[in-house]
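K.L.:
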Amino acid sequence: MSSTQRPTDIQLHQKSRILELRYADGSHFELPCEFLRVYSPSAEVRGHGPGQEVLQVGKEDVNITAIEPVGNYAVKLVFSDGHDTGIYDWDYLYKLGTEQERLWQDYLERLHQAGHERRTH
1 MSSTQRPTDI QLHQKSRILE LRYADGSHFE LPCEFLRVYS PSAEVRGHGP
51 GQEVLQVGKE DVNITAIEPV GNYAVKLVFS DGHDTGIYDW DYLYKLGTEQ
101 ERLWQDYLER LHQAGHERRT H
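Its first residue numbered 1, the sequence shown is counted upward by one per residue in the working numbering.
1) Got a sec, what are the start and stop residues for the beta strand (DSSP E) residue 78 sits in?
2) Cα-Cα, which of 63, 90, 40 and 66 is closest to residue 104?
3) Count the other CB atoms within 10 Å of the CB of residue 15; is the residue buried (16 or more) or exposed (fewer)?
4) I'd like to check one pair, residue 12 with residue 64: are the Cβ atoms closer than 8 Å?
5) Between the beta-carbon of residue 75 and the beta-carbon of residue 84, is there less than 8 Å?
6) Do the CB positions of residue 96 and residue 55 come within less than 8 Å of each other?
7) Where does residue 70 land, buried or exposed, given buried means 16+ other C-beta within 10 angstroms?
8) Alpha carbon to alpha carbon, what distance is there between residue 109 and residue 24?
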């Protein structure tokens, strides 16, 4: 029996650069495009193994330009910076939603340690 949480609704709010996900269990996540971009499941971002992750910088203004279904298990997000190789399966999207605060703080800490400052608007 699968525990996969498939969204019942996916809405992109391009002006605010937010991807909104709703689930049958009542869960609701608003994931910023920047967050989704820096946590792309692609090899370009994750690398090909532990310790090979590539820190993404300068993604504050990135937007999603297309959401393409991948079978019944995922979506491919196409970003305004040309990145389009990440396949976001339902489990990964749900994990990003449930762990958003911790993951975002981790990203900000990694930016700081690398000497990068995130631009704020």
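Where is the CB? At the ideal position from N, CA and C, for every residue including glycine.
P.N.:
Straight from the coordinates:
1) Run containing residue 78: 74–79, per the beta strand (DSSP E) assignment.
2) 40
3) So residue 15 ends up on the exposed side.
4) yes
5) In this structure, residue 75 sits away from residue 84, with a CB-CB distance that is not shorter than 8 Å.
6) no
7) In summary, residue 70 is exposed, with fewer than 16 beta-carbon neighbours lying within 10 Å of its beta-carbon over all protein chains present.
8) 33 Å
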